[in-house]
Amino acid sequence: MQCLGDAGVCRLCHFVLCVCVQVVELLLDSCLSADGELEGLSEDFSALEVLSLCNTGLKSLSKLPSLPKLKRLELSDNVLTSGLEVLAEKCPALSYLNLSGNSFKDLSAFKGLQKLSSLQSLDVDEDEEDEESWRERVFELLPQICFLNGFDQDHNQAPDDDGDYVEEDDDEEEDGGLFLGRALIRIRIGFIAIV
């Protein structure tokens, strides 16, 4: 880059400043998908750690890009019925997954999660008629998970991220972030000097 003219003090011919933005949290709740597919999310979001796509009308995860650092994925209140095996391939670090409010007919839909060895906590709709037996079958199918719908096999509540037990707080305020319409983006910014 070079500034010309009498005030040409701003010569950056030999020095380039590059701003690297890494999106780490992306909340796209209620941003409806036109065709039930995930659009606009690419592998450029490789630093993403939290992704929320609740109530977006998703029917498929087939277009999910590789998100190697993703730890938390919120997919509640969509119309997913299958295709969860893509998560083991695309999101190998995933430890929390919320699938409640989707259209899964039976436990066989969750077999695709067996290869997701990092998965520790899963939220899904329970079989209300046979809740205890259903919980046992989920823990058998997915032995890597520690918590199902916020509780372990002994019905102890899951600790939150700080090691404390979760207490519902409706007055919780959102910390800093960039709002774009309905989307919230949290970013990390780093500066790299190239000489």
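For the sequence shown, the residue numbers in mature numbering (1 follows the signal peptide of the UniProt record, and there is no 0) are -18 to -1, 1 to 177.
Idealized CB from N, CA, C, for every residue including glycine.
Quick one: is Asn138 buried, meaning 16 or more other Cβ sit within 10 Å of its Cβ, or exposed?
That one is exposed.
Cα separation between Leu33 and Lys51?
11 angstroms
Whole angstroms are fine: how far does the CA of Leu14 sit from the CA of Glu108?
26 angstroms
Report, in whole angstroms, the separation of the C-beta atoms of Leu43 and Val68, which I expect to be a contact under 8 angstroms.
5 angstroms
Taking the CB atoms as reference points, tell me whether Asp11 and Leu35 lie closer together than 9 angstroms.
yes
Is the beta carbon of Leu40 less than 9 angstroms from the beta carbon of Glu56?
no
Do Gln126 and Ser82 come within 9 angstroms of each other at the CB atom, strictly closer than that value?
It is not a contact, given that the beta carbons lie outside the stated cut-off.
Among Thr63, Asn131, Cys128, Glu21, whose alpha-carbon lies nearest the alpha-carbon of Phe92?
Thr63
In angstroms, rounded to a whole number, what distance separates the CA positions of Ser24 and Gln102?
25 angstroms
For a test of the three-state rule: what should DSSP assign to Leu66, helix, strand or coil?
coil
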